[in-house]
Amino acid sequence: MSKKPAISNAKQALNQMKLEIANELGISNSHIDGSNDTSYKNGHIGGNLGGVMSRRLVEMGEEQLLREYNKKNK
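In the numbering used here, the protein residues as written are 52 to 125.
Next comes the structure, spelled out in structure tokens:
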């Protein structure tokens with residue numbers, strides 16, 4: 052599975068979303084870079100952030116599908 056976004060322009064939006072979620076979780080930008088932290092700490096922070104991002108992306112996809120379904124069935 053590729054880590055490359057399916058839509059090339061989506062990378063900037065995904066990075067912005069990552070920063071917003073990190074801010075909500077109280078993770079500072081210095082921790083997002085992680086270059087000075089241990090791999091354990093980076094994995095712990097990244098795992099939490101990645102999990103929340105995945106849930107949000109699934110929610111966004113479900114909402115979009117529901118909107119499209121409701122448009123077709125009116």
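Backbone N, C-alpha and C define an ideal beta-carbon position, used for all residues, glycine too.
* Would you grab the beta carbon distance between LYS69 and LEU100 for me? Rounded to a whole angstrom, and I think it's under 8 Å. => Walking along the sequence shown from the start, residue 69 turns up at place 18. Walking along the sequence shown from the start, residue 100 turns up at place 49. The pair is a contact, with the Cβ atoms about 7 Å apart (cut-off 8 Å).
* Asked: Just reading off the alpha helix (DSSP H) that GLY77 is part of, what are its end residues?
  -> Here residue 77 corresponds to residue number 26 of the sequence shown, with the count starting at 1. Careful: GLY77 lies outside any alpha helix (DSSP H) and carries neither H nor E.
* Asked: Buried or exposed: ALA73, going by 16 or more other Cβ atoms within 10 Å of its Cβ?
  -> Along the sequence shown, one-based indexing puts residue 73 at 22. Looking at its Cβ environment, which holds 16 or more other Cβ atoms inside 10 Å, ALA73 is buried.
* To do: State yes or no: is the C-beta of ILE78 within less than 8 Å of the C-beta of ILE96?
  => Counting from one through the sequence shown, the residue named residue 78 turns up at place 27. Counting from one through the sequence shown, the residue named residue 96 turns up at place 45. Yes, these two residues count as a Cβ contact at 8 Å.
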